[in-house]
Amino acid sequence: SESFTADHKPLLGEAPEVRGFYLGCGFNSAGCGKELAHWIIHGRPEKDMYGYDIRRFHHSITNNSRWLRERSHESYAKNYSVVFPFDEPLAGRNMRKDPLYQVLQEQGCVFQERHGWERPGWFNTDTSAPILDYDYYGAYEITKNKDYKYNELLGKEYTFDFPPHHGTIRDECLACRCSVAVFNMSYFGKFYLMGPDAKKAADWLFTADINKAPGDTYYLAVGGAVAQHNWSHIQTVLQDQGFDCTMADHSEDMGMISIQGPRSRELLQEIVDADLSNEAFPFSTHKIITAAGHKVRAMRLSFVGELGWELHIPKESCVPVYQAVMSAGAKYGVRNAGYRAIDSLSIEKGYRHWHADLRPDDTPLEAGLAFTCKMKTSIPFLGREALESQKATGLHRRIVCFTIDERVPMFGLEAIYCNGVPVGHLRRAEFGYAIDKTIGYGYIRKPDGGVVTPEYIRSGEFSLERMGVVYKARAHLKSPFDPDNKRVKGIYSTE
Numbered sequence: 001s002e003s004f005t006a007d008h009k010p011l012l013g014e015a016p017e018v019r020g021f022y023l024g025c026g027f028n029s030a031g032c033g034k035e036l037a038h039w040i041i042h043g044r045p046e047k048d049m050y051g052y053d054i055r056r057f058h059h060s061i062t063n064n065s066r067w068l069r070e071r072s073h074e075s076y077a078k079n080y081s082v083v084f085p086f087d088e089p090l091a092g093r094n095m096r097k098d099p100l101y102q103v104l105q106e107q108g109c110v111f112q113e114r115h116g117w118e119r120p121g122w123f124n125t126d127t128s129a130p131i132l133d134y135d136y137y138g139a140y141e142i143t144k145n146k147d148y149k150y151n152e153l154l155g156k157e158y159t160f161d162f163p164p165h166h167g168t169i170r171d172e173c174l175a176c177r178c179s180v181a182v183f184n185m186s187y188f189g190k191f192y193l194m195g196p197d198a199k200k201a202a203d204w205l206f207t208a209d210i211n212k213a214p215g216d217t218y219y220l221a222v223g224g225a226v227a228q229h230n231w232s233h234i235q236t237v238l239q240d241q242g243f244d245c246t247m248a249d250h251s252e253d254m255g256m257i258s259i260q261g262p263r264s265r266e267l268l269q270e271i272v273d274a275d276l277s278n279e280a281f282p283f284s285t286h287k288i289i290t291a292a293g294h295k296v297r298a299m300r301l302s303f304v305g306e307l308g309w310e311l312h313i314p315k316e317s318c319v320p321v322y323q324a325v326m327s328a329g330a331k332y333g334v335r336n337a338g339y340r341a342i343d344s345l346s347i348e349k350g351y352r353h354w355h356a357d358l359r360p361d362d363t364p365l366e367a368g369l370a371f372t373c374k375m376k377t378s379i380p381f382l383g384r385e386a387l388e389s390q391k392a393t394g395l396h397r398r399i400v401c402f403t404i405d406e407r408v409p410m411f412g413l414e415a416i417y418c419n420g421v422p423v424g425h426l427r428r429a430e431f432g433y434a435i436d437k438t439i440g441y442g443y444i445r446k447p448d449g450g451v452v453t454p455e456y457i458r459s460g461e462f463s464l465e466r467m468g469v470v471y472k473a474r475a476h477l478k479s480p481f482d483p484d485n486k487r488v489k490g491i492y493s494t495e
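Residues 1 to 495 in UniProt numbering are what the sequence shown spells out, letter by letter.
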């Protein structure tokens with residue numbers, strides 16, 4: 001007999017519910033034993049095992065027998081299917097829906113599933129595409145779903161070329177770059193870290209210097225797909241270090257919308273009671289404000305590289321605040337946008353995605369994120385010694401941005417060559433609509449194992465191999481889009 005799990009991958013690692021209890025199940029082959037042994041002894045595996053880590057599943061779905069049954073059935077049914085880049089499951093859907101789910105579905109939202117949550121993928125302008133109950137592909141005398149619009153749209157994505165709605169995603173991206181777009185990010189995990197040792201814990205847990213805003217409570221907004229993993233990791237560190245503080249999970253109590261683009265300030269200024277100028281509300285700050293008569297936490301942040309704010313909103317206020325934003329934004333050409341647009345916009349700006357550009361076996365220095373680490377202070381933090389050691393010896397591996405001029409899509413895992421010799425592979429690739437090029441990010445090593453210097457990257461001749469065809473590539477040490485980081489500061493060229 002064979003074992004099948006809900007996502008066709010093994011279940012390994014420490015159980016979130018019981019410290020010291022490790023699992024190694026859900027698969028029928030060897031090779032994981034060595035990593036699991038290392039995990040048990042050292043508290044973490046040596047290699048990147050995140051895709052197998054049992055903490056990838058949120059506790060609300062591991063306790064849900066319907067979700068487990070449906071998803072495990074579909075993973076078996078699709079065992080030998082070709083894995084296309086943007087496939088989504090039909091099983092175990094509509095398990096976790098945020099307050100804006102219905103209003104977005106009515107506007108043609110095509111949803112993605114991420115660990116139980118339905119999050120916006122992209123917006124189909126023709127018609128809505130509701131997700132129906134799982135039909136077990138017609139097995140067990142269950143009537144197969146007919147005229148299933150969502151399934152039809154997925155089927156059209158079964159290509160290794162650009163998808164048929166490439167232009168729709170482009171329109172969402174360019175609305176964000178040229179005017180204003182609204183992203184529903186309500187699936188994010190929203191945690192509070194509080195207690196007498198909260199500051200001590202934050203100092204140890206986070207590489208960034210949090211002393212600019214000392215306090216005894218910290219609000220953490222975490223990507224929904226990694227919320228369970230983050231929660232478990234933080235709880236483990238609190239316990240191991242003996243910090244006197246607690247975590248509270250308010251993920252289901254709040255929604256979150258992100259309003260981004262050069263017109264975002266004008267739009268928001270019409271519905272909020274706060275001054276949104278650079279002086280009054282600088283980048284990377286937050287305030288409790290009133291939006292359309294509702295109290296919200298506004299953060300001036302961007303994951304797409306534009307002027308913009310995130311609004312973290314109590315559940316019951318989400319729909320009225322969203323409707324006020326869309327109403328005020330009509331004259332600016334506001335547009336709904338989804339995560340497919342975020343994937344493109346973020347790679348264009350050079351922002352990192354967890355487990356694509358950044359994995360547990362990468363360091364912030366290799367990932368070009370040294371600026372997020374408080375190395376200039378004397379404050380100890382988890383991982384500091386490893387970073388100091390790596391800084392002293394130099395980087396033998398480094399993330400690099402690549403662009404190609406040919407109009408072909410790439411999806412990640414394409415080989416990277418330097419002067420004709422393989423030096424790595426792309427972790428992530430998307431089409432960048434503002435620069436009108438395919439963009440990829442990958443870590444490279446020198447063939448001789450030496451330090452990867454900026455000069456080595458500047459002087460090399462790079463190429464990328466997609467499905468046996470090699471394309472000339474240009475390596476960039478900085479993002480090819482807005483390398484001076486002006487747009488998030490609200491500085492837009494008038495040229």
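Note that beta-carbon positions come from the ideal geometry of N, C-alpha and C, so glycine has one too.
Here the structure is a predicted model, which means the values were calculated and not measured.
Query	Result
Proximal residues to Val-488 (C-beta, below 7 Å), its chain only, five neighbours per side dropped	Phe-283, Ser-302, Gly-305, Glu-306, Leu-307
Helix, strand or coil at Tyr-219 according to DSSP, with G and I counted as helix	strand
Counted within 10 angstroms of its Cβ, other Cβ atoms place Arg-474 as buried (16 or more) or exposed	exposed
Backbone CA spacing between Ala-225 and Val-18 [nearest angstrom]	22 Å
Beta-carbon contacts of Phe-462 that lie in its chain and below 6 Å, excluding the five residues immediately before and after	Cys-418, Ala-473, Ala-475
Pairwise C-alpha distance: Gly-350 and Gly-368	10 Å
C-alpha gap between Ile-457 and Ile-404, whole angstroms	16 Å
Where Asp-249 sits in the DSSP three-state scheme	strand
DSSP-derived helix/strand/coil call for Lys-472	strand
Neighbourhood of Pro-163 by C-beta, 6 Å cutoff - its chain only, sequence neighbours within 5 removed	Glu-157
Limits of the beta strand (DSSP E) - the one that Thr-438 falls within	437 to 444
Given Ala-324 as reference, the closest of His-353, Glu-270, Ile-54 once Cα atoms are compared	Glu-270
Inter-residue spacing [alpha-carbon to alpha-carbon] between Glu-465 and Val-408	11 Å
Three-way DSSP call (helix, strand, coil) for Leu-307 in this model	coil
Residues that Thr-403 bridges to, as DSSP identifies them	Ile-439, Arg-474
Touch test, the stretch 177 to 188 against the stretch 246 to 264, Cβ-Cβ under 8 Å, three pairs minimum	yes
Rounded straight-line distance, which links the Cα of Ala-415 to that of Gly-468	10 Å
Identity of the residues DSSP links to Ile-289 by a beta bridge	Val-296
Rounded Cβ spacing between Phe-86 and Gly-108 (contact assumed at less than 8 Å)	Not quite, the Cβ-Cβ distance comes to about 17 Å (not below 8 Å), so this is no contact.
Whole-Å CB distance - Val-451 paired with Gly-394, under 8 Å assumed	4 Å
Pick from Asp-161, Val-319, Asp-135 that is closest to Asn-151, judged by C-alpha positions	Asp-135
Straight-line Cα distance separating Lys-376 from Lys-200	18 Å
Residue ranges of each alpha helix (DSSP H) within the stretch 349 to 415, 4 or longer	384 to 393
Endpoints, alpha helix (DSSP H) assigned at Ser-60	59 to 62
Run of the beta strand (DSSP E) containing Cys-25, from where it starts to where it stops	22 to 25
Bridge-paired residues (DSSP) for Asn-184	Ile-257
First through last residue of the alpha helix (DSSP H) which encompasses Gln-107	From DSSP, Gln-107 is part of no alpha helix (DSSP H); its letter is neither H nor E.
Which residues DSSP lists as bridging Tyr-417, in chain order	Pro-422, Ser-463
Contact check, Ala-341 vs Cys-176, beta carbons under 8 Å	yes
Endpoints, beta strand (DSSP E) assigned at Ala-91	It is not in any beta strand (DSSP E) - Ala-91 carries neither H nor E in the DSSP assignment.
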